[in-house]
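Undergrad:
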Amino acid sequence: MTVEGIIAFFVLFVAFLGVATVLMFGLRAVKLI
Numbered sequence: 049m050t051v052e053g054i055i056a057f058f059v060l061f062v063a064f065l066g067v068a069t070v071l072m073f074g075l076r077a078v079k080l081i
């Protein structure tokens with residue numbers, strides 16, 4: 049694993065967490081409505 053590979057993996061992981069969080073909040077909002 050190179051430094052670039054580790055950074056790329058970290059960025060993708062953070063992006064995935066962000067998308068998952070938005071989807072969870074979206075589903076909760078739909079259920080509340």
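Taking our numbering as reference, the numbering of the sequence shown is continuous, increasing by one, and the terminal residue is 81. Just so it is clear, CB atoms sit at the ideal spot from N, CA and C, and this is done for glycine as well.
Compute the Euclidean distance between the alpha carbons of R76 and F58, then round it to the nearest angstrom.
TA: Computed Cα separation, rounded: 27 Å.
Undergrad: On the three-state DSSP scale, how would you describe M72?
TA: It is helical.
Undergrad: To the nearest angstrom, how far is it from the Cα of E52 to the Cα of V67?
TA: 22 Å
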